[in-house]
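In what follows, a structure is listed as structure tokens, so that the remarks can point back to it.
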């Protein structure tokens, strides 16, 4: 049986409400500074960019997005017995949410659903990381309100 390789990019997820980056209505065209929020060197060099980057992650459309007909069609093709591998530029994880096994998806740019600590290299889900960031933010706010 022939292995089917499917290449996907930002366009497949726009129907799920996730904007692309470089298209006419893309995130980086609307806000050229936004690219700094996801560029490692800028992120590491500037605490303000790190704060804005985590804020962006908390409010990203990725978290409410659902797989669309295209994601579901790819997963159905795999369920029908066709050997499928997806190579995607997307970081949204929607192929997997549609039911495609993670081992059959190569995410070229990584995933927005996992993070790796830049100091100790520990990995966790983005949800766990966002909870830690929010907890630290609340602690700083409480200390500030208490005058410490």
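In full-length UniProt numbering, the protein residues as written are 1 to 148. By construction, the Cβ of each residue, glycine as well, lies at the ideal position given by its N, Cα and C atoms.
Asked                                                                                                             : Found
Three or more C-beta pairs below 8 angstroms linking the segment 59-76 and the segment 12-26                      : yes
Given 8 angstroms, three or more beta-carbon pairs between the segment 84-95 and the segment 48-56                : no
Start-to-end residues for the beta strand (DSSP E) that takes in residue 106                                      : 105-107
Under the three-state DSSP convention, the category residue 53 falls into                                         : helix
Beta-carbon spacing of residue 37, residue 13 below 9 angstroms                                                   : no
Helix, strand or coil at residue 127 according to DSSP, with G and I counted as helix                             : helix
Residue burial classification, residue 6 (beta-carbon count within 10 angstroms, cutoff 16)                       : buried
Residue 2 classed as buried or exposed, judged by whether at least 16 other C-beta atoms fall within 10 angstroms : exposed
Residue 71 beta carbon less than 9 angstroms from that of residue 100                                             : yes
Beta-carbon spacing of residue 123, residue 115 below 9 angstroms                                                 : yes
Simplified DSSP assignment, three categories, for residue 12                                                      : helix
Reduced DSSP category for residue 5 - H, G, I as helix; E, B as strand; rest coil                                 : strand
Distance, residue 78 Cα to residue 112 Cα                                                                         : 23 angstroms
Counterpart residues of residue 116 in DSSP-defined beta bridges                                                  : 123
C-alpha distance - residue 24 paired with residue 30, whole-angstrom precision                                    : 9 angstroms
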